[in-house]
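Numbering (the UniProt record's numbering), first residue to last: 1 to 561. Note that beta-carbon positions come from the ideal geometry of N, C-alpha and C, so glycine has one too. Just so you know, these numbers come straight off a predicted model, no measurement behind them. Heads up, the thing below is written out as structure tokens.
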Amino acid sequence: MDSSPSKSLRESLRQALLRREAKSSRRRLTVLPQSSVDFSSNDFLSLSTSPIFRERFLDLLQQAPPLYPFASGGSRLLDGNSIYAEELENFIAGFHNAPSGLLFNSGFDANVGVFSCIPQPGDLIVYDELIHASAREGMRLSRAGKRVPFSHSSPSSLDEVLQSHIAADPLIQTGSRNVFIAIESIYSMDGDIAPIQDFIQVVDRLLPRGNGYFIVDEAHATGVFGPRGEGVVQGLGVEKRMLIRVHTFGKALASHGAIVLCCPDTRDYLINYARSLIYTTAMGFPFLASIRAAYELLAEGETEQHQTKLQQLVAYFRDRLAELDAWDPAAFQVDHFPTSPIFSVRSRFPRQLAAACQQKGFVVRAIMAPTVPAGRERVRVCLHAGNTVEEIDGLVDTFKQSEPASPPLDALTPAPTAEIPTDQAPVDASDSDSDDKINWKSNLAIEATECVFRGVHVSAPPFPFRQRWDANARHEIGERKNRGRKRKRREYEEYDDEEYEYFDNEEIQRMYDTIAATLATVAAAHTSAHPTKRRKKAMKKKKQGRAVGGDGGPAPAGSLA
């Protein structure tokens, strides 16, 4: 039997890809020449090409007993556990001054495992609005009662969000309900460092009963920040204030996987409830050996010279970017100059600029909406200890030479027009996980349908929602209202392996609200009343009362004689 997709499925998949193609957002796997200069990968310490790291890794492989299995053979809970894995967990936990640790196959698996099972039913998760996609996915699967974002790296916004929810929830006030604060120590798109100490002060002041818990992702700080690359949290000396720290091995450590640093009770709970750990094959011996090789180099101080050189290159690149910003502020803009090796150079034409750099042999990536908010597209640059001053000069010179004079790409989603198709999309496009343009026809159909349930009937609604005016739409809205579901503005997201995806849609939302309000006004002015079932029942009861008691009151004594 042919296992290829059916014609209808193939067409659906093809149309989705074509829509992405039209928006210049279609992804493709690429292989760049080895001669290219790397300003894109997360190999911050350049360990992946380090002879010292390679030698240590091969030594660990050779130290294994004869016929030692390379594969784990199963999940950690079955046959995939080993003394080597547990010793590695203890070694890494000791390096990071943590009570215990638990290995996961990736940072994504670690965050999904933590956020999906640690928050208990009814708990509150407050998270930075730019938190990684893996944390968002875990929160989506969690049993937490509420998940509320706060403005990026803003202690005042965290303060405001916490105060509003503490005031509304007595269980938080008494310490019976937990509050989890989810942040990253370094953010992947701009390279900015979170104000962790300020966050701690806010939480300690507002949650004095100790029911506020930090979960911090140190993926981009591991090996780069702190003494010996211990991370931002440890560098600040606040590791004991963190419920959970997630350190990953696939960036500066040139390996694979992640570890969740936590107390023994939390570790045991994850072993029993984290599905991303339970139902996956554990890492084999070669992966564990590469992780150990990297951490041995960190612990022995062998990578400190890489850290020092990296910071020197960061300082030099900051100076060159300042020159670039001053050279043509209309063409280039640098939001801030981080101390991390991640920089974002905002340009009017980031896609063309990145392509020009790649033609010159410099690997950089254009980061476009919806990966970042519309209007904040940029070229992302990552520095590595293996880069040179000459390579940085060449990159900056290419920036100067390559700024095109063509109009910008990627406009905002257009307002509804007569060209909008009238025979596609589900009843409510806001319930779809699609990242495509807003389905105005469908959204307005739902808005018009809601007029019926407010006592207004539209017999022939105007374009563009006429064809969606049907029983199915009315039934859908009725079911939602019966369940008490509130309609919200959707934050359109699309998850990637390395960054969150976000669509800034405030302008379009305001336009949509205006159209919806106009629709309701027109409907109320040109239609007759259409009472709901509840209203009909009340009117019938009142009519029966009048038949018995005249004005609806009790019948006079003796009137039934």
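Is the segment 273 to 283 close to the segment 114 to 129, with three or more CB pairs under 8 Å?
At 8 Å Cβ cutoff, the stretches touch.
State the DSSP-derived secondary structure class of residue 139, mapped to helix, strand or coil.
Against the sequence shown, residue 139 aligns to sequence position 139. Reduced to three states, the DSSP call for residue 139 is helix.
Which residues DSSP lists as bridging residue 104, in chain order
Taking the first residue of the sequence shown as 1, we reach residue 104 at position 104. In the DSSP output, where bridge partners are listed per residue, residue 104 has 258.
Run through the DSSP bridge pairs and tell me what residue 248 is partnered with.
Numbered from its first residue, the sequence shown carries residue 248 at position 248. DSSP output for residue 248 lists 258 as bridge partner(s).
With distances taken Cα to Cα, identify the nearest neighbour of residue 78 among 306, 283, 132.
Here residue 78 refers to the residue found at position 78 when the sequence shown is read from its first residue. Distances from the CA of residue 78 to each of 306, 283, 132 were compared; the closest alpha carbon is that of 283.
Sub-8 Å separation of residue 64 and residue 261 beta-carbons
The count along the sequence shown starts at 1 and reaches residue 64 at position 64. The count along the sequence shown starts at 1 and reaches residue 261 at position 261. Contact: no.
Going straight from the alpha carbon of residue 563 to that of residue 17, what length do you get?
Outside the shown range of the chain (1 to 561) lies residue 563, about which nothing can therefore be said.
Measuring only the C-alpha atoms, how far is residue 374 from residue 346?
Translated into positions along the sequence shown, residue 374 becomes position 374. Translated into positions along the sequence shown, residue 346 becomes position 346. Residue 374 and residue 346 have their C-alpha atoms roughly 12 Å apart.
How big is the Cα-Cα spacing for residue 357 and residue 191?
Your numbering for residue 357 matches position 357 in the sequence shown. Your numbering for residue 191 matches position 191 in the sequence shown. Pairing residue 357 with residue 191, the inter-Cα distance amounts to about 21 Å.
Determine whether the beta carbon atoms of residue 244 and residue 184 lie at a separation below 8 Å.
Reading the sequence shown from its first residue, position 244 is the one you call residue 244. Reading the sequence shown from its first residue, position 184 is the one you call residue 184. No, these two residues do not count as a Cβ contact at 8 Å.
For residue 192, name the three-state secondary structure that DSSP assigns.
By 1-based counting over the sequence shown, the position of residue 192 is 192. Residue 192: coil per DSSP, three-state reduction.
Taking DSSP's pairing of strands, which residues face residue 146 in a bridge?
For this step, residue 146 is matched to residue 146 along the sequence shown. According to DSSP, residue 146 bridges with 124.
At which residues does the beta strand (DSSP E) containing residue 396 begin and terminate?
By 1-based counting over the sequence shown, the position of residue 396 is 396. Note, residue 396: premise wrong, no beta strand (DSSP E); alpha helix (DSSP H) at 389 to 402.
Every unbroken beta strand (DSSP E) within the segment 302 to 366, with a cutoff of 3 residues, ordered by chain
Here the runs fully enclosed are 342 to 347.
If you draw a straight line from the alpha carbon of residue 266 to that of residue 223, how long is it in whole angstroms?
In the sequence shown, residue 266 corresponds to position 266, counting from 1. In the sequence shown, residue 223 corresponds to position 223, counting from 1. Their Cα atoms are separated by approximately 25 Å.
Hey, could you find the ends of the beta strand (DSSP E) residue 268 is sitting in?
By one-based count along the sequence shown, residue 268 stands at place 268. Element bounds for residue 268: not the beta strand (DSSP E) but the alpha helix (DSSP H), 264 to 273.
Neighbourhood of residue 385 by C-beta, 6 Å cutoff - its chain only, sequence neighbours within 5 removed:
Here residue 385 corresponds to residue number 385 of the sequence shown, with the count starting at 1. Cβ neighbours of residue 385 beyond the five flanking positions: 45, 46, 306, 309, 310.
Using only the alpha-carbon positions, how far apart do residue 239 and residue 97 sit?
By one-based count along the sequence shown, residue 239 stands at place 239. By one-based count along the sequence shown, residue 97 stands at place 97. The alpha-carbon atoms of residue 239 and residue 97 are separated by roughly 8 Å.
Straight-line CA distance for residue 210 to residue 194?
Within the sequence shown, the letter at position 210 stands for residue 210. Within the sequence shown, the letter at position 194 stands for residue 194. If I take the Cα positions, the gap works out to 22 Å.
Given a cut-off of 8 Å on the beta-carbon distance, is the pair residue 288 and residue 84 in contact?
Looking up residue 288 in the sequence shown gives position 288. Looking up residue 84 in the sequence shown gives position 84. For residue 288 and residue 84, yes; Cβs fall inside 8 Å.
May I ask you to report which of helix, strand or coil DSSP gives residue 562?
No statement about residue 562 is possible, as the shown extent of the chain runs from 1 to 561 and does not include it.
Do you know how far the Cα of residue 23 is from the Cα of residue 91?
As a position in the sequence shown, residue 91 is number 91, starting the count at 1. As a position in the sequence shown, residue 23 is number 23, starting the count at 1. Spanning the alpha carbons of residue 91 and residue 23 requires a straight line of approximately 48 Å.
Cα-Cα separation between residue 205 and residue 197, rounded to whole angstroms
Mapped onto the sequence shown, residue 205 falls at position 205. Mapped onto the sequence shown, residue 197 falls at position 197. Roughly 12 Å separates the two Cα atoms.
What are the boundary residues of the beta strand (DSSP E) that residue 213 is part of?
Within the sequence shown, numbered from 1, the residue matching residue 213 stands at position 213. Where residue 213 is concerned, the enclosing beta strand (DSSP E) stretches over 212 to 217.
For residue 395, I'd like the list of residues in its chain whose CB is within less than 8 Å of its CB, leaving aside the five on either flank, ordered along the chain.
Locating residue 395 in the sequence shown gives position 395, counting from the first residue. Within the same chain, residue 395 has close Cβ partners 37, 39, 357, 362, 364, 381.
Whole angstroms are fine: how far does the CA of residue 161 sit from the CA of residue 545?
The residue given as residue 545 occupies position 545 in the sequence shown. The residue given as residue 161 occupies position 161 in the sequence shown. Take the alpha-carbon of residue 545 and the one of residue 161: they are about 51 Å apart.
Looking only at its own chain, which residues have a Cβ that is under 7 Å from the Cβ of residue 236, when we skip the five neighbours before and after it?
Translated into the one-based positions of the sequence shown, residue 236 becomes position 236. Contacts found: 196, 197.
Hey, could you find the ends of the beta strand (DSSP E) residue 179 is sitting in?
Locating residue 179 in the sequence shown gives position 179, where the first residue counts as 1. DSSP places residue 179 in the uninterrupted beta strand (DSSP E) bounded by 179 to 184.
Could you tell me which residues DSSP puts in a beta bridge with residue 242?
In the sequence shown, counting from the first residue as 1, residue 242 sits at position 242. The bridge partners DSSP lists for residue 242 are 214.
Residue 186 and residue 313 closer than 8 Å at C-beta
Residue 186 sits at position 186 when you count from the first residue of the sequence shown. Residue 313 sits at position 313 when you count from the first residue of the sequence shown. Result no, Cβ atoms of residue 186 and residue 313 do not sit closer than 8 Å.
Tell me the rounded alpha-carbon separation between residue 389 and residue 398.
The residue labelled residue 389 in the question sits at position 389 within the sequence shown. The residue labelled residue 398 in the question sits at position 398 within the sequence shown. Residue 398 has its alpha-carbon roughly 14 Å from the corresponding atom of residue 389.
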